[in-house]
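Beneath this line is the structure, given in structure tokens, with notes to follow.
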Amino acid sequence: MTTFHQIAIKCPHCGTLMRDFELMSHTVHTSTTYSDGLCEDGVSKIKDISICTNCSQAFWREDAKLSKELDYEAMEELEGALDMMDLPWRLDDDRQEKKILFYKDLLENDFADNDMKEIYLRTRLWWSINDLVRHLSRWHQARNLKHLRFILKHRKENMKLFKKYEELLKENLNRLIFLYIKKGEVDLLYLADMYREKSDFNKAMEILLKVEQKGGVYNQMKHKIRRKNKRVFQLN
Ligand SMILES: [Zn+2]
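Printed below as a string of structure tokens:
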């Protein structure tokens with residue numbers, strides 16, 4: 233069961249008070265997990281970054297918590313804080329690119345003031361670039377000729393976009409690998425995937441071979457590294 237708790241937060245930029253939600257408990261029923269760590273479980277409302285209703289600037293929710301709780305009536309009068317899905321570009325045709333640039337800009341503007349926040353942003357940047365190729369339909373999924381043409385066109389466009397951001401993906405992974413190792417508690421399968429996705433297949437294999445529990449994901453990863461396949465994939 234997923235339960236939310238209402239909290240009041242204060243924009244660190246302009247001081248506006250807003251309402252937001254905090255996740256209290258969460259049980260995953262069905263989820264799809266990918267090699268880059270993204271887990272799709274339908275709880276998309278949980279964000280660590282909120283956007284101010286007044287000044288439209290992004291802020292970390294943990295930096296915006298009030299020291300004391302407001303009473304129910306005061307809370308009801310507040311507007312709900314926004315998140316990335318409320319930004320005006322969410323329905324634009326190029327929203328996938330805008331999402332990539334949203335995280336890229338935050339990183340360039342030193343929005344993250346510690347390693348954990350930087351890891352958070354770099355992971356989101358990584359996911360948003362991978363999103364370009366994460367859900368691509370395959371030709372055999374086509375229902376008819378028209379649908380087939382649509383799938384092929386969509387694949388081609390997204391592959392082209394993915395290429396455009398490939399260099400950014402690599403740069404981002406270089407820094408993410410550094411921060412991830414520095415943090416400690418390294419998941420070797422996850423680290424191997426980071427090297428695989430930046431096309432460093434030798435290093436990816438070297439790390440993979442250190443994994444002690446060799447299960448299904450290990451075999452999947454080994455297969456991908458051997459075939460020099462650097463694309464994000466769904467874990468079985
Ligand atoms: Zn504000």
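Numbering (this note's numbering), first residue to last: 233 to 468.
Ideal Cβ placement from N, Cα and C applies to all residues, glycine included.
Residue i, enclosing beta strand (DSSP E) - first and last residue
| i | result |
| --- | --- |
| F394 | Careful: F394 lies outside any beta strand (DSSP E), inside the alpha helix (DSSP H) at L377 to K396. |
| S282 | I281 to I283 |
| A290 | A290 to W292 |
8 Å contact criterion, which residue i and residue j should meet: CB distance rounded
| i | j | result |
| --- | --- | --- |
| A296 | I241 | 4 Å |
| F181 | I413 | Nothing about residue 181 can be read from this structure; the chain reaches only from 233 to 468. |
| L364 | L393 | 5 Å |
| D318 | I283 | 7 Å |
| R356 | L408 | About 11 Å; that fails the 8 Å criterion. |
| K462 | R428 | 6 Å |
| K279 | D324 | No, K279 and D324 are not in contact; Cβ-Cβ is about 20 Å, not under 8 Å. |
Where the alpha helix (DSSP H) through residue i begins and ends
| i | result |
| --- | --- |
| A344 | It is not in any alpha helix (DSSP H) - A344 carries neither H nor E in the DSSP assignment. |
| E308 | Y304 to E308 |
Those residues which DSSP pairs with residue i across a bridge
| i | result |
| --- | --- |
| F253 | Q238 |
| L357 | In the DSSP output, where bridge partners are listed per residue, L357 has none listed. |
| Y266 | Q466 |
| E272 | T264 |
| G312 | R251 |
| K297 | I241 |
Cβ contact check for the stretch 410-421 and the stretch 430-443: 3 or more pairs under 8 Å: Enough Cβ pairs lie closer than 8 Å, so yes.
So, does the stretch 302-310 touch the stretch 241-253, judging by three or more C-beta pairs under 8 Å? Yes, the stretch 302-310 touches the stretch 241-253.
Run through the stretch 405-465 for me and flag every whole alpha helix (DSSP H) of 4 or more residues, listed as ranges in chain order. Within the stretch 405-465, the complete alpha helix (DSSP H) runs of at least 4 residues fall at 420-429, 433-440 and 448-458.
Should the stretch 352-361 be called in touch with the stretch 322-335, which here means at least 3 C-beta pairs below 8 Å? With the cut-off at 8 Å, the stretch 352-361 and the stretch 322-335 touch.
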